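In my numbering, the protein residues as written are 24 to 405.
All C-beta atoms, glycine included, are put in the ideal place defined by N, C-alpha and C.
Values in this document were obtained by computation on a predicted structure and should not be read as measured data.
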Ligand SMILES: Nc1ncnc2c1ncn2[C@@H]1O[C@H](COP(=O)(O)OP(=O)(O)O)[C@@H](O)[C@H]1O
Ligand SMILES: [Mg+2]
């Protein structure tokens with residue numbers, strides 16, 4: 024829609040895994056090198072993992088472009104299937120004709136083996152690539168392992184590449200899959216782009232699409248990075264929508280407002296998540312500082328003014344800090360007692376700590392508005 028308006032030869036931010044648009048970040052380059060090196064290797068399983076949208080499938084298509092001339096490649100994009108279905112799909116991909124209707128696993132494996140031996144005799148390598156491998160069933164993964172057993176006296180006949188989301192790594196840590204895990208000869212994890220790479224990525228995609236004009240001012244890159252976390256698919260979604268918005272407003276450059284609006288329209292949930300995440304990080308920091316201050320004073324590093332020794336017995340205060348029956352003195356205290364005691368706290372919000380020389384314990388004193396202590400007592404079941 025906006026293609027002509029911005030003088031673009033193609034849509035710059037499509038979400039198709041088109042290798043033509045490949046931007047070789049340092050990680051993408053390394054990952055591709057790992058895969059290329061692995062394909063030339065002696066067989067086994069290569070593992071490529073990465074968060075959703077980080078470019079695994081696009082990278083896999085780049086790999087295909089580079090190896091197709093020397094290798095027979097079978098690529099399975101949706102491996103949510105049974106063992107028989109997977110083997111039948113591999114046969115289809117390798118153009119193996121299986122003369123039997125509803126063939127058994129043995130017939131299929133024999134046919135694949137014959138094909139691999141033939142390819143090997145012709146000096147061609149065979150590569151099986153399985154995308155979205157986190158969807159593989161355990162029995163199917165086990166069958167894949169068995170395929171790595173197909174070999175001559177000197178080398179394995181099939182190189183397998185498993186591509187998947189990070190949960191694939193967790194799956195492979197399961198005890199029942201340890202034999203599969205032991206066949207993995209190389210692993211690579213693809214992360215999101217850095218802030219600088221996001222800038223280069225946007226320029227790269229626009230340039231490939233035929234424009235050098237700064238449709239996205241550099242000043243927007245920080246926001247784009249924050250909104251998308253550097254995940255290329257999200258960048259594409261947001262940039263595509265931002266260009267549409269800019270076109271509708273008949274402007275030549277994306278503005279901060281258009282970018283925010285675009286992000287809200289296409290990745291609404293992620294933005295909320297980002298906001299929650301930053302809120303959580305800030306609260307944790309404040310809490311850590313708060314507790315750290317108390318700990319320093321508890322250690323006697325800073326002498327406390329007398330007004331800080333007041334309303335509660337040190338034991339009660341310690342319970343509030345510990346928050347669990349771990350403070351033995353308090354195991355029998357009921358919530359209502361604590362709440363009642365807390366409710367008479369006279370001081371407004373403040374926090375202090377001291378040594379308690381009589382008992383020899385380090386005790387933290389907690390001063391808070393009555394409601395706050397009641398809340399703690401209720402929630403933490405002291
Ligand atoms: N390095 C990259 N260069 C160019 N485009 C990329 C890159 N990484 C991801 N993309 C783009 O992001 C989108 C999602 O990529 P994809 O490979 O499908 O991610 P994944 O398979 O990891 O979920 C696609 O439009 C793809 O073109
Ligand atoms: Mg993918």
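Output the boundary residues of the beta strand (DSSP E) element that contains residue 182. 181 to 187
Tell me which residues share the same chain as residue 282 and place their Cβ nearer than 8 Å to its Cβ, disregarding the 5 neighbours each side in the sequence. 243, 246, 247, 250, 261, 265
7 Å CB neighbourhood of residue 216 in its chain, flanking five on each side removed: 48, 224, 253, 255
Residue 398, DSSP secondary structure in three states: With a pLDDT of 45 at residue 398, under the threshold of 50, the modelled position of that residue is not reliable, and the figure given next carries that caveat. Of the three classes helix, strand and coil, the one that applies to residue 398 here is helix, per DSSP.
Name the DSSP beta bridge partners of residue 94, please? 148
Would you list the residues sitting across from residue 209 in a DSSP beta bridge? As a beta-bridge residue in DSSP terms, residue 209 pairs with 69.
Check this for me: beta carbons of residue 68 and residue 207, under 9 Å apart or not? yes
Between the Cα of residue 174 and the Cα atoms of 58, 29, 132, 98, which residue gives the shortest distance? 132
Heavy atom of ligand 1 less than 8 Å from the Cβ of residue 190, yes or no? no
Once the 5 residues before and after residue 240 are set aside, which same chain residues still bring their CB inside 6 Å of it? 276
Just to check, is the beta-carbon of residue 80 closer than 8 Å to a non-hydrogen atom of ligand 2? yes
Should residue 154 be counted as a contact of ligand 2 given a C-beta to heavy atom distance under 8 Å? yes
Spatial neighbours of residue 263 within its chain, please: C-beta separation below 6 Å, excluding the five flanking residues on both sides. 36
By Cβ distance, which residues of its chain are closer than 7 Å to residue 54, with the 5 residues on each side in sequence left out? 71, 82, 211, 213
State the start and end residues of the unbroken alpha helix (DSSP H) segment that holds residue 281. 279 to 289
Determine, using beta carbons only, whether residue 78 and residue 209 come nearer to each other than 9 Å. Not closer than 9 Å, so no.
Given this structure, state the Cα-to-Cα distance separating residue 43 from residue 311, to the nearest angstrom. Pairing residue 43 with residue 311, the inter-Cα distance amounts to about 48 Å.
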